[in-house]
Structure formats: structure tokens, C-alpha cells
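Chains as they are written, first to last, in our numbering: chain A, 1 to 209; chain B, 210 to 418. Here a beta-carbon is modelled for each residue, glycine too, at the ideal position from N, C-alpha and C. Since the structure comes first, as C-alpha cells, the remarks are kept for the end.
There are 2 protein chains.
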Amino acid sequence: MEGSAPRRTRIQQEKRELILEAALEVFSANGFRGSTIDQIAEAAGMSKPNLLYYFRRKEDIHETLMQRLLDTWLAPLRELDDIGDPLTELRSYIRRKLEMARDFPRESRLFANEILQGAPRIKPMLEGELKALVDEKAAVIKGWMRAGKIARTDPWHLIFSIWATTQHYADFDVQVRAVLGADRGGDGRFEDAARFLEQLFLDGLKPKG
Amino acid sequence: MEGSAPRRTRIQQEKRELILEAALEVFSANGFRGSTIDQIAEAAGMSKPNLLYYFRRKEDIHETLMQRLLDTWLAPLRELDDIGDPLTELRSYIRRKLEMARDFPRESRLFANEILQGAPRIKPMLEGELKALVDEKAAVIKGWMRAGKIARTDPWHLIFSIWATTQHYADFDVQVRAVLGADRGGDGRFEDAARFLEQLFLDGLKPKG
DNA sequence: CAAATTTTTGACCGGTTGGACAAACGTTAG
DNA sequence: CTAACGTTTGTCCAACCGGTCAAAAATTTG
Chain A
1 MEGSAPRRTR IQQEKRELIL EAALEVFSAN GFRGSTIDQI AEAAGMSKPN LLYYFRRKED
61 IHETLMQRLL DTWLAPLREL DDIGDPLTEL RSYIRRKLEM ARDFPRESRL FANEILQGAP
121 RIKPMLEGEL KALVDEKAAV IKGWMRAGKI ARTDPWHLIF SIWATTQHYA DFDVQVRAVL
181 GADRGGDGRF EDAARFLEQL FLDGLKPKG
Chain B
210 MEGSAPRRTR IQQEKRELIL EAALEVFSAN GFRGSTIDQI AEAAGMSKPN LLYYFRRKED
270 IHETLMQRLL DTWLAPLREL DDIGDPLTEL RSYIRRKLEM ARDFPRESRL FANEILQGAP
330 RIKPMLEGEL KALVDEKAAV IKGWMRAGKI ARTDPWHLIF SIWATTQHYA DFDVQVRAVL
390 GADRGGDGRF EDAARFLEQL FLDGLKPKG
């Protein structure tokens, strides 16, 4: 499939990491086309030609960043397992996803940017690897439904709704903080969100009869 | 506050509409910085200088587009009213929001793009007009909770979750269709989503005891 | 029709951007 | 020390981009 990883010196490894960190900052804030190599180079504390010595093209940086991102981004879903109580399992999946939105908002925004633009660079991955993973987990959830452990619904849309509600707090952070205002928009907003989402996904909005 | 609307000829009105339609297409797909005036001009079937005769700057097009968008975009929330059954009222708000994601995906993506980049052009509106509207509706929802009509939760996060889940089907459309695959990703996906969201928001995931 | 006004276009400009390149600089191994 | 190799930088370039301008073409008005 792919060539063997090129041998790299210590400096190359360090500088490449530095560049990727800077690029994550810049790309996630401005999008791919909205970011310039100069911006990334400055954020990484080096000159543009020096940066281009480590990554020959702007696209190479973005591609490397995206490949690394996807692994860690899907880790919570991979951990969703058939062992343990289904409701507990789903609840901790939601919690993990929300923690990622809190701790890695730049990664979330980078991903959102890519999808928004039609996922030109990762569409094959979405239709291949991602679809396979979601289908697999949907089957697990369907098993829980057949066993009467959770209510019967569409597992795929359930997963979508978890992604949407949790990533919202990273991708739409500006809006969330603006609407909540200075007092409620502080650090506590993620705990409020966690409490709300748990209640929503478990009990819904009907009053307790 | 603002000067009176400039007098426009019939051609000016028509051409400005044509340009705004083309700009919506281009901006929503590529973001502001990722779009060029040439692209918009070509999509509108005119030359670049001709386009600049109707809008002096690229930003003017984006600003006009955004102003129009916001009114229609918040209309469903404005309609959320205290008359009628609370659960029915919320259910139809969700349905209307999902219909907007289906019928106006470009508008949704344009908005998402703006927020993702930190809302540089509409932040004052978010902190002013939008916050006021959401606070007002949150008060209505709180009234329903006090009256025991719906379960007690955080009304602000409830509104966020409705925004997130419905807009997801416009903003992340590529991903949704990729994961659902050719068979389930067709036109029926919005009906499936509507059914799922209704169940989620009303009953949650707990099995019926 | 003819004058006045509006609309359209080709040519152009200054600034930015992604990227190339060779020369200089630093480091390491023999 | 020195040759080989890895790293850094100044300079440059061609393409692109937002925007200007004067003049031509079309339209409206008297």
C-alpha cells in the first residue's frame, strides 16, 4: 500500500512535530485555503523555506495532520464495546466525546472544516473505514435493542446525534459562549452540557409520569 | 441608525439577486477566504468588473448575504410560542429546523463556516440579538418546566442540542451520506432523522418499563 | 432622433501566495 | 582538520487575487 516510513534524524522529528502543532493552530482557525505557509512558519518559529524543507507542499502538512487526527478522533467509538451495561456504555461514550470537544477543540474544528467543504481529501476514508466502523457499532447497538436493554431506534442516527451534540461545543464554541453570556459561559459550561446530554439521551423531555 | 435604502433600477435589483445567489453557492462551498470574486462572477454569468459594479467589495456581498440569512434562519425559533401544547410546540420546532437543513443546506453551511472561523463578522449579533432571543425562549421553556409540562433541564443546552442535531444533516451532509451508504443515504434520510429525533427528544433511550 | 445615463468590458496594477533554488551555515564522522 | 551531510536563509518567480479605470456598448429619457 504505502512505502516504508522514511528514516528521519532527531532534528527532523522534532521540527516536524513543531510544524504540525503550529499548522493545527492555524488550519483549525482559518481553514486550509484561508491559511498561509508564512503564518504556519511564523507560528512554528522558522522561515518559510525552512518549513518547506520539512514538508515540500502545503497539502502535505494538511494530509499528515488529518491522518493523525482521524485515529485519535475515532478512538472513543472504537472503545464502545459489547461488554458492560448498554446504557452505561452509551453514557460513557457521550462523556468521552464531550471531553474530546473540550480538550481538543482545534482537532474538532479542523475536521469540521474538512467535512463542511465536502471532504475533498478524506471522502474515501469516510466511505470506507468510517462507514465500516459505524456499521459494526450499529450492529452492537441493534443487539442491545433486540435484548430489550435500550429503546428501539435507528442506531446510525443515534450515533450522528451523539457526534452532533458533543462536537457542537467545540465547533460552535463562539456561539455557545455568546449565548450563554459571561456568567454561564465560563468553564462550567461543559459540566452543564454533560448533565443535560445525559438526561436527554436517557430520559428525553417527557415529564416523569 | 442606517441611511435610507439606495434607489435601484430594475436591472440593479435583478443582477444583485443573481450575484447573491451565485455567492451563496460559492461561499457555502469554499468559505469566505476560499472563494474568489472570479468564481462568483462566473457562477453569476458575468465578468468580474461587472460584478464589482454592483458590489464594490467582496466583503459587501458576504455581509449582505449574512444579513438576509440571519432573519430567515432564526424564524423557526421566533415562532416557538407559549400557546399550544409544549411538547407539540417543541416537536414542531425540531421538525421545522430539520426541514430548513434539508431545504437550505447552503445557508446552513454559510452560517457554520462563519461560526467555525470565530464569527469575526457577526459576533456582536450573537452576543446581542441572538442571545436576547434565546434568553427569551429559554424563559418560555422554563415556564413549561415549572408547570410540569416537560421534564426539568437546562433550556439553553436544550436549544443547542436541537440546533446541533438538525444542522448536522446540512453541515455534515457528506459524512452522513457516506456512512449511510447508497441505499439508506438517499432522500429518505431526512424522514429517518425526523423519526429518530422525535423519539430521542421525547422519550430518550431508556427501554419502556 | 439625440442627449444623458446606466451597464459592460478589456486592460491593467499592486500585493500576496505557494514554491524553487543556490548559497551559506552548522554538525558529525573519519 | 576536513570532507560529507544535514539545516537554514535570502532571493526570486510565476500565478493568483482584489480592486481600479477609462472607454465602449446598451438603455433610458426628453
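Can you look up residue i in the DSSP assignment and give me helix, strand or coil?
i, result
"P329(B)", "coil"
"S237(B)", "helix"
"L389(B)", "helix"
"A23(A)", "helix"
"M354(B)", "helix"
"P416(B)", "coil"
"G186(A)", "coil"
"T72(A)", "helix"
"S161(A)", "helix"
"E211(B)", "Below a pLDDT of 50, predicted positions are generally treated as unreliable, and E211(B), at 39, falls in that range; the measurement from the model is reported next regardless. Coil, per DSSP."
"G34(A)", "coil"
"R217(B)", "coil"
"L410(B)", "What sits at residue 410(B) in the sequence shown is Phe, not Leu. Three-state DSSP puts F410(B) in a helix."
"F264(B)", "coil"
"F381(B)", "coil"
"L126(A)", "helix"
"Q376(B)", "helix"
Does the beta carbon of residue i come closer than 8 Å to any beta carbon on chain B?
i, result
"W156(A)", "yes"
"L74(A)", "no"
"N113(A)", "yes"
"F201(A)", "yes"
"R102(A)", "no"
"P49(A)", "no"
"A29(A)", "yes"
"L65(A)", "no"
"S161(A)", "yes"
"D192(A)", "yes"
"G143(A)", "no"
"A151(A)", "yes"
"L77(A)", "no"
"A178(A)", "yes"
"L109(A)", "Looking at the sequence itself, residue 109(A) is Arg, so the reference to Leu does not match. Chain B contact via Cβ: present."
"R33(A)", "yes"
With a threshold of 8 Å between beta carbons, is residue i in contact with chain A?
i, result
"E211(B)", "Per-residue confidence for E211(B) stands at a pLDDT of 39, beneath the threshold of 50, marking its modelled position as unreliable; the derived number appears in the next sentence. Chain A, which has no Cβ nearer than 8 Å to the Cβ of E211(B), makes this no."
"D290(B)", "no"
"I246(B)", "no"
"H482(B)", "The structure shown has nothing for residue 482(B), since chain B only spans 210 to 418."
"V349(B)", "no"
"A253(B)", "no"
"P314(B)", "no"
"E336(B)", "yes"
"Q326(B)", "yes"
"T374(B)", "yes"
"L296(B)", "yes"
"G390(B)", "yes"
"V235(B)", "no"
"H271(B)", "no"
"A231(B)", "no"
"K346(B)", "no"
"L278(B)", "no"
"K415(B)", "yes"
In the DSSP assignment, find the unbroken alpha helix (DSSP H) run with residue i in it and report its ends.
i, result
"R361(B)", "R361(B) -> no alpha helix (DSSP H), and no H or E assigned at all."
"A253(B)", "Looking at the DSSP string, A253(B) is not in any alpha helix (DSSP H), and its letter there is neither H nor E."
How many whole angstroms separate the CB atoms of residue i and residue j, which I take to be in contact at a CB cut-off of 8 Å?
i, j, result
"G148(A)", "L411(B)", "That belief does not hold up - the Cβ atoms of G148(A) and L411(B) are roughly 19 Å apart, past 8 Å."
"I303(B)", "E407(B)", "7 Å"
"F405(B)", "T88(A)", "That belief does not hold up - the Cβ atoms of F405(B) and T88(A) are roughly 22 Å apart, past 8 Å."
"A284(B)", "Q376(B)", "With a Cβ gap of about 15 Å, A284(B) and Q376(B) do not count as contacting."
"L307(B)", "A402(B)", "6 Å"
"H271(B)", "F241(B)", "6 Å"
"A119(A)", "D171(A)", "So it is not a contact: roughly 15 Å between Cβ atoms."
"R318(B)", "L116(A)", "6 Å"
"T40(A)", "L52(A)", "The residue asked about is misnamed: residue 40(A) is Ile in this sequence, not Thr. In fact, because the Cβ distance is near 10 Å, the residues do not count as touching under 8 Å."
"V383(B)", "K123(A)", "7 Å"
"K224(B)", "I246(B)", "Contact flag wrong, Cβ pair sits at about 15 Å."
In chain order, each alpha helix (DSSP H) run of at least 4 residues that lies wholly inside the segment 76-118 of chain A: 86-103, 105-116
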